[in-house]
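A.B. asks: Before I ask anything, let me first share the structure, which is written out below as structure tokens.
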Amino acid sequence: MSAERKWESYIRKVVPYIPGEQPKEMDIIKLNTNENPYPPSPRVRKILEDFDYGRMRLYPSPDAEILVDAIAERYGVKPSQVFVGVGSDDVISMAFMTFFGSDKPILFPNITYSFYDVWADVYRIPYRTVPLRDDFTIDPQGYKCENGGIIFPNPNAPTGVLESVDMIEEIIKANPDSVVMIDEAYIDFGGQSCLPFVEKYDNVLVIQTYSKSRSMAGMRIGFAIGSERLIKYMNDVKFSVNSYTMNTVTQLCGAEAVRDEEYFCETVGRIIATRERSKKRLAELGFTFPDSKSNFIFASHKDKPASEIFEELKKRRIYVRYWNKPMIGNYLRITVGTDAEMDSLFDALEEILK
Ligand code: PMP
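Here it is as structure tokens:
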């Protein structure tokens, strides 16, 4: 590139987050971005079929009350305790902008969702990472110091490790002066949610998504539940940036999806069953992994480097996620797909590891 222009010195320069690959071909076994292998609730399909396309003429509801009300009803909270956004990435990003305005560093684990440090950088929020223990669990002691806020996923990503609500409450109790955010993107696959804490502590925000357990990654729906006080602050920021973030079709589909509890339980149950079977097969193939309570398994092979397995799988049109980074460079994050997809993966692994 040519020499830097004067105007370039005024730019907010950032190193962006790199999302998992979204291949164009359809014949790939895609186990790299923790999507759900099953379609969304059939009730969502009906909403799409019945949608009057003439409504696109009009702006969507800025406060998405149909969706907010349906989520509030499902989780037993007031609509004024629910914030919705375009995927939980949008919700977390808004929450960073709203709550992490202190000049003290915010805290999150050293191995975690790799968007947190990117948002901290883009919003100029100071941060400090807290090392996980060797077994990838969170050490609550690391969160008992002065800070400008706290965030971690439960279960953590990309490890899949679930923390107990008691340990999380210990962190919350030690931090009455900070907003504590629990990113529960994967909680529905076997974890206990921290949602009850939002009634007990007005500084706790719990964030969830439709992208995993509700099979709607492509619709982009995420939500946060917290005290009315927290949610009001978030809405004030959101309406100061862009009021019409979520389109009408998405609002309607999201409301209908969250009402279909039966389908939700059935598909989540299927993924849990496939995950448990997959753990056995991976162990037989010589992999070790922290126990996962999510829809992915973070696995390392005793002999073959993860980078080589990753490339070999790719040649066979099976995509998993690999990061060439310290501490996790010998792990593969494998999304739990259908039983048939996992069987193809195990056949390929058997061949690669022969
Ligand atoms: N949090 C964690 C821990 C995640 O792994 C993801 C998925 N990349 C998200 C949040 C964001 O998901 P979405 O924006 O699709 O709701």
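When the sequence shown is numbered by this note's numbering, its final residue is 368 and no position is left out of the sequence of numbers. Every residue, glycine too, gets a C-beta built ideally from N, C-alpha and C.
Scan the region 341 to 367 and note each continuous beta strand (DSSP E) run of 3 residues or more that stays entirely inside, going in chain order.
C.D. replies: Within the region 341 to 367, the complete beta strand (DSSP E) runs of at least 3 residues are 346 to 349.
A.B. asks: Taking the alpha-carbon of I348 as reference, which of S16, N50, I32 has the nearest alpha-carbon?
C.D. replies: Taking the sequence shown and counting its residues from 1, the one referred to as residue 348 is at position 334. Closest option to I348, Cα to Cα, is N50.
A.B. asks: Anyone know if the C-beta pair for Y127 and P167 falls short of 9 Å?
C.D. replies: Indexing the sequence shown from 1 puts residue 127 at position 113. Indexing the sequence shown from 1 puts residue 167 at position 153. Yes, the Cβ-Cβ distance between Y127 and P167 is below 9 Å.
A.B. asks: Any idea which residues DSSP pairs M195 with across the strands?
C.D. replies: The sequence position of residue 195 within the sequence shown is 181, counting from 1. For M195, which the question treats as bridged, DSSP gives the partners I165, L219.
A.B. asks: Taking the alpha-carbon of I332 as reference, which of N189, K187, M40 has the nearest alpha-carbon?
C.D. replies: Within the sequence shown, numbered from 1, the residue matching residue 332 stands at position 318. Comparing Cα positions, the closest option is M40.
A.B. asks: Runs of 4 residues minimum, wholly inside the region 199 to 271: which ones carry the alpha helix (DSSP H) assignment?
C.D. replies: The region 199 to 271 contains these whole alpha helix (DSSP H) runs: 211 to 214, 242 to 255.
A.B. asks: Please confirm whether any heavy atom of the ligand PMP lies closer than 8 Å to the CB of G236.
C.D. replies: Locating residue 236 in the sequence shown gives position 222, where the first residue counts as 1. Indeed, a heavy atom of the ligand PMP lies less than 8 Å from the Cβ.
A.B. asks: Measuring from the CB of N124, is there a heavy atom of the ligand PMP at a distance below 8 Å?
C.D. replies: Locating residue 124 in the sequence shown gives position 110, where the first residue counts as 1. No, the beta carbon of N124 sits no closer than 8 Å to any heavy atom of the ligand PMP.
A.B. asks: Would you check if there are 3 or more beta carbon pairs closer than 8 Å linking the region 303 to 310 to the region 103 to 114?
C.D. replies: Judged by Cβ distances under 8 Å, the region 303 to 310 makes no contact with the region 103 to 114, as fewer than three pairs qualify.
A.B. asks: Hey, would you say the C-beta of N370 is under 8 Å away from at least one heavy atom of the ligand PMP?
C.D. replies: In the structure displayed, the chain extends from 15 to 368; residue 370 sits before or after that span and is not available.
A.B. asks: Measuring only the C-alpha atoms, how far is V136 from S257?
C.D. replies: Counting from 1 along the sequence shown, the entry for residue 136 is found at position 122. Counting from 1 along the sequence shown, the entry for residue 257 is found at position 243. Taking the straight line joining both Cα atoms gives about 21 Å.
A.B. asks: Here's the rule: buried if 16 or more other CB atoms are within 10 angstroms of the residue's CB, otherwise exposed. What is N189?
C.D. replies: As a first step, residue 189 must be located in the sequence shown, where it is residue number 175. N189 is buried by the Cβ-count criterion.
A.B. asks: Taking the CB atoms as reference points, tell me whether F237 and G34 lie closer together than 9 Å.
C.D. replies: Looking up residue 237 in the sequence shown gives position 223. Looking up residue 34 in the sequence shown gives position 20. It is not a contact, given that the beta carbons lie outside the stated cut-off.
A.B. asks: Per DSSP, which residues does I332 bridge with? Please list them.
C.D. replies: In the sequence shown, residue 332 corresponds to position 318, counting from 1. DSSP, once it has assigned bridges, lists I43 as partnering I332.
A.B. asks: Which two residues bound the contiguous beta strand (DSSP E) that contains V144?
C.D. replies: The residue given as residue 144 occupies position 130 in the sequence shown. Element bounds for V144: 141 to 144.
A.B. asks: So what does DSSP say about I32, is it helix, strand or coil?
C.D. replies: Taking the sequence shown and counting its residues from 1, one reaches residue 32 at position 18. DSSP places I32 in coil when its eight states are reduced to three.
A.B. asks: Using CA atoms only, rank isn't needed, just tell me which of D202, L219, G204 is closest to P210.
C.D. replies: Taking the sequence shown and counting its residues from 1, the one referred to as residue 210 is at position 196. Selected option, being the one with the closest Cα: L219.
A.B. asks: Tell me the DSSP bridge mates of I311?
C.D. replies: The count along the sequence shown starts at 1 and reaches residue 311 at position 297. Answer is I348.
A.B. asks: Beta carbon of D104: closer than 8 Å to some heavy atom of the ligand PMP?
C.D. replies: Numbered from its first residue, the sequence shown carries residue 104 at position 90. Correct: D104 has its Cβ closer than 8 Å to the ligand PMP.
A.B. asks: Put G99 into one of helix, strand or coil per three-state DSSP.
C.D. replies: Taking the sequence shown and counting its residues from 1, one reaches residue 99 at position 85. Three-state DSSP puts G99 in a strand.
A.B. asks: Can you name, in chain order, every residue of its own chain whose Cβ lies under 6 Å from the Cβ of R228, other than the five neighbours on each side?
C.D. replies: By 1-based counting over the sequence shown, the position of residue 228 is 214. Hits under 6 Å: A271.
A.B. asks: Answer yes if the region 268 to 288 comes into contact with the region 166 to 181, meaning at least three C-beta pairs across the two stretches below 8 Å, and no otherwise.
C.D. replies: Result no; under three Cβ-Cβ pairs closer than 8 Å.
A.B. asks: Only counting the same chain, and skipping five residues up and downstream in sequence, which positions put a Cβ closer than 8 Å to that of I125?
C.D. replies: Along the sequence shown, one-based indexing puts residue 125 at 111. Correct list, in chain order: L146, F150, N170, P172, T173, M341, I342.
A.B. asks: Report, in whole angstroms, the separation of the C-beta atoms of I186 and V193, which I expect to be a contact under 8 Å.
C.D. replies: The residue you call residue 186 lines up with position 172 of the sequence shown. The residue you call residue 193 lines up with position 179 of the sequence shown. Not quite, the Cβ-Cβ distance comes to about 10 Å (not below 8 Å), so this is no contact.
A.B. asks: Which residues does DSSP list as the beta-bridge partners of P190?
C.D. replies: On the sequence shown, residue 190 is found 176 positions in, with the first residue counted as 1. Looking at the DSSP assignment, P190 forms no beta bridge with any residue, so it has no partner.
A.B. asks: In terms of residue numbering, what span does the alpha helix (DSSP H) encompassing P56 cover?
C.D. replies: Translated into the one-based positions of the sequence shown, residue 56 becomes position 42. 56 to 64 is the span of the alpha helix (DSSP H), which, as asked, contains P56.
A.B. asks: Mind checking whether C267 and V29 have CB atoms under 9 Å apart?
C.D. replies: What you label residue 267 is simply residue 253 of the sequence shown in a count that begins at 1. What you label residue 29 is simply residue 15 of the sequence shown in a count that begins at 1. Against a cut-off of 9 Å, the Cβ pair of V29 and C267 comes out as no contact.
A.B. asks: With a threshold of 6 Å on Cβ separation, who are the neighbours of V91 within its own chain once the five nearest residues in sequence on each side are excluded?
C.D. replies: As a first step, residue 91 is located in the sequence shown; it is residue number 77 there, counting from the start. So the list reads I239, once near-sequence residues are dropped.
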